[in-house]
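Asker: Okay, so the sequence shown: first residue is 1 according to the UniProt record's numbering, each after it adds one.
Note that the Cβ used here is the ideal one computed from N, Cα and C, for glycine as well.
Since the structure is predicted, the reported quantities are computational estimates derived from the model, not experimental observations.
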Amino acid sequence: MSMIQVNELEKSFGSERALRGITFNVEAGQIFGLLGPSGSGKTTTIKIMTGEFKPSGGEVNVNSYNYKQFAKNDYVSSLGILSDKSSLYERLTVKDNLELFRKLYNAPKGSVEKVLKDVGLESEIDKTVSKLSKGMKQRILLCKAVIHRPAILFLDEPTSALDPTTTEKIHDMLEELRDEGTTILLTTHNMDEATRLCDKVAFLYQGIIQDSGAPSDLRHKYKREEVHITYNDGTMKTVEKKEENRQLLNNVLFSEEVADVRTDFPTLGEVFKKVTGKELV
Ligand SMILES: Nc1ncnc2c1ncn2[C@@H]1O[C@H](COP(=O)(O)OP(=O)(O)OP(=O)(O)O)[C@@H](O)[C@H]1O
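1) Could you tell me which of Asn-251, Ile-208, Lys-242, Glu-193 sits nearest to Thr-267, measuring between CA atoms?
2) If I follow the unbroken beta strand (DSSP E) through Ala-259, where does it start and stop?
3) Measure the alpha-carbon distance for Ile-48 versus Ser-133 and round it to whole angstroms.
4) Just grab the DSSP bridge partners of Lys-66 for me.
5) Considering only their Cβ atoms, is the gap separating Thr-44 from Ala-18 smaller than 8 Å?
6) Could you pull out every residue in the same chain whose Cβ sits closer than 7 Å to the Cβ of Phe-24, ignoring the five residues on either side in sequence?
7) Using CA coordinates, which residue listed in Thr-238, Lys-221, Asn-232 is at the minimum distance from Lys-274?
8) Keeping to the same chain, check which residues put their C-beta closer than 6 Å to that of Ile-46; ignore five residues upstream and five downstream.
9) Output the distance between the C-alpha atoms of Pro-158 and Pro-164, rounded to the nearest integer angstrom.
10) Only counting runs of 3 or more residues, tell me where the beta strand (DSSP E) segments fall wholly within the region 215 to 258, in order along the chain.
11) Whose C-alpha, out of Gly-51, Phe-53, Leu-82, is nearest the C-alpha of Leu-185?
12) Cβ of Tyr-205 within 8 Å of Cβ of Ser-40?
13) Hey, does Pro-266 have any beta-carbon neighbour from chain B nearer than 8 Å?
14) Using CA atoms only, rank isn't needed, just tell me which of Glu-244, Leu-248, Glu-243 is closest to Lys-237.
15) Nearest-angstrom Cα distance between Val-227 and Ser-111?
16) For Phe-53, which of helix, strand or coil comes out of DSSP?
17) Could you tell me if Ala-161 is buried or exposed, where buried requires 16 or more neighbouring beta carbons within 10 angstroms of its beta carbon?
18) If you follow the alpha helix (DSSP H) that Leu-177 is part of, which residue opens it and which one closes it?
19) Gly-80: buried (16+ other C-beta within 10 angstroms of its C-beta) or exposed?
20) Quick one: what does DSSP say Ser-38 is sitting in, helix, strand or coil?
21) Specify, as a first and last residue, the run of the alpha helix (DSSP H) that Ala-194 falls within.
22) Helix, strand or coil: which one does DSSP assign to Gln-206?
23) Please work out which residues of its chain come closer than 6 Å, Cβ to Cβ, to Arg-102, disregarding the five sequence neighbours upstream and downstream, and give them in chain order.
24) Pick helix, strand or coil for Asp-84, following the three-state DSSP scheme.
25) Compare the Cα-Cα distances from Ser-2 to each of Ile-125, Ser-56, Asp-118, Gln-30 and report the closest residue.
26) On a Cα-Cα basis, can you pick out the residue from Gly-269, Val-271, Val-252 that is closest to Arg-262?
27) Between residue 334 and ligand 1, is there a pair consisting of the residue's CB and a ligand heavy atom that are separated by less than 7 Å?
28) Buried or exposed: Ala-145, going by 16 or more other Cβ atoms within 10 Å of its Cβ?
29) Quick check on Pro-215: buried or exposed, where buried means 16 or more other Cβ atoms within 10 Å of its Cβ?
30) Taking only runs that begin and end inside the region 124 to 167, name each unbroken beta strand (DSSP E) of 3 or more residues, in chain order.
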């Protein structure tokens, strides 16, 4: 079942076309990654789905709601949102912050303790937010976004500028949420994150989806059919993997003169560069 359906979506700001007709679907229980460099339209796409921006053209349906219904309370309460605008009350404790949101969303008692345990911060429950590290605050923001167990989670760069340990903890939590059936749409610049987490990604560049698919399918699609051979004397040779070289390549595997044989399997970052001509930074 498709949880998110985006069809020929357009968004212009004055004469600037931030989104130029993008189309994609996200299935229920998938983690979908929108990947693109700064200014490619990732945040604009999320803001349309959270009801902050109106589309200039095209169609968007999320969880059976059409974008014209995105201001409805029951739509809004089915979402969890983490963006650079998400914030906490710095002078309140972690518990008081999360209790506020628990009550706002009518989540059951005990949800605060449970969600803090999920991110490994149960021991910080009585700490004042201003005394937490940046990585801890980000994990508490994620707690705030998921305290009511939303059906859909929108995450705008959830791990940017976080250390590897915190990033790992956030990834574990997102995988758990996915396993519980939450549909997650995230934006990232981080290709390792996308490769590890996403069931499907879309490469967004200049407001256009340049290609999309499962990370491993995209890596296979754009791999070069070449074999790099290094001989014992240090010389190297690149041979195209095609029928007329079959005998040569078969022999290489058993040759005593060959030190190393390598094929190209590009990273998702290399695929992005191949498709868009641009580094994903
Ligand atoms: N409120 C706005 N008013 C005018 N232009 C905007 C507005 N929001 C976004 N834009 C423009 O739309 C384009 C896409 O911006 P967007 O924020 O969606 O990019 P992004 O991919 O999320 O970038 P980043 O990775 O830097 O967050 C940019 O050219 C930006 O200047």
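Answerer: Straight from the coordinates:
1) Taking the sequence shown and counting its residues from 1, one reaches residue 267 at position 267. Among Asn-251, Ile-208, Lys-242, Glu-193, the Cα nearest to that of Thr-267 belongs to Glu-193.
2) For the purposes of this step, residue 259 is identified with residue 259 of the sequence shown, where counting begins at 1. Segment 258 to 263, the beta strand (DSSP E) holding Ala-259.
3) The residue given as residue 48 occupies position 48 in the sequence shown. The residue given as residue 133 occupies position 133 in the sequence shown. In a straight line, the C-alpha of Ile-48 is about 31 Å away from that of Ser-133.
4) As a position in the sequence shown, residue 66 is number 66, starting the count at 1. A small fix is needed here, since residue 66 is Asn in this sequence, not Lys. DSSP, once it has assigned bridges, lists Asn-61 as partnering Asn-66.
5) To locate residue 18, count along the sequence shown from 1; it is residue 18. To locate residue 44, count along the sequence shown from 1; it is residue 44. Yes; because the gap between Cβ atoms is below 8 Å, this pair is in contact.
6) By one-based count along the sequence shown, residue 24 stands at place 24. Closer than 7 Å at the Cβ level, and outside the excluded window around Phe-24, lie Val-6, Ala-202, Ile-209, Ser-212.
7) The count along the sequence shown starts at 1 and reaches residue 274 at position 274. It is Lys-221.
8) On the sequence shown, position 46 is the one that residue 46 refers to. Excluding residues within five positions, the ones whose Cβ falls inside 6 Å are Phe-154, Asp-156.
9) Residue mapping note: residue 158 aligns to position 158 of the sequence shown, counting from 1. Residue mapping note: residue 164 aligns to position 164 of the sequence shown, counting from 1. One C-alpha to the other measures close to 13 Å.
10) 226 to 231, 236 to 240
11) The residue given as residue 185 occupies position 185 in the sequence shown. Leu-185 has its Cα closest to that of Leu-82, out of Gly-51, Phe-53, Leu-82.
12) To locate residue 205, count along the sequence shown from 1; it is residue 205. To locate residue 40, count along the sequence shown from 1; it is residue 40. For Tyr-205 and Ser-40, yes; Cβs fall inside 8 Å.
13) Of the chains in the structure shown, none is chain B; there is only one protein chain.
14) Here residue 237 is taken as the residue at index 237 of the sequence shown, counted from 1. With distances taken between Cα atoms, Lys-237 lies closest to Leu-248.
15) Counted from its first residue, the sequence shown places residue 227 at position 227. Counted from its first residue, the sequence shown places residue 111 at position 111. Cα to Cα, Val-227 sits roughly 54 Å from Ser-111.
16) The residue given as residue 53 occupies position 53 in the sequence shown. Reduced to three states, the DSSP call for Phe-53 is coil.
17) Taking the first residue of the sequence shown as position 1, residue 161 is located at position 161. Burial call: exposed.
18) Position 177 of the sequence shown, counted from the first residue, corresponds to residue 177. Residues 164 to 179.
19) What you label residue 80 is simply residue 80 of the sequence shown in a count that begins at 1. Label assigned to Gly-80: buried.
20) What you label residue 38 is simply residue 38 of the sequence shown in a count that begins at 1. Three-state DSSP puts Ser-38 in coil, outside helix and strand.
21) In the sequence shown, residue 194 corresponds to position 194, counting from 1. Where Ala-194 is concerned, the enclosing alpha helix (DSSP H) stretches over 191 to 197.
22) One-based indexing of the sequence shown puts residue 206 at position 206. Correct three-state label for Gln-206: coil.
23) Residue 102 sits at position 102 when you count from the first residue of the sequence shown. The residues are Ser-111, Val-112, Ile-147.
24) By one-based count along the sequence shown, residue 84 stands at place 84. Correct three-state label for Asp-84: coil.
25) Here residue 2 refers to the residue found at position 2 of the sequence shown. The option with the nearest alpha carbon to Ser-2 is Gln-30.
26) Locating residue 262 in the sequence shown gives position 262, where the first residue counts as 1. When only C-alpha atoms are compared, the closest one is Val-252.
27) The requested residue 334 is not part of the displayed model; the chain covers only 1 to 281.
28) Taking the sequence shown and counting its residues from 1, one reaches residue 145 at position 145. Buried, since its Cβ has 16 or more Cβ neighbours within 10 Å.
29) As a first step, residue 215 must be located in the sequence shown, where it is residue number 215. So Pro-215 ends up on the buried side.
30) 152 to 156
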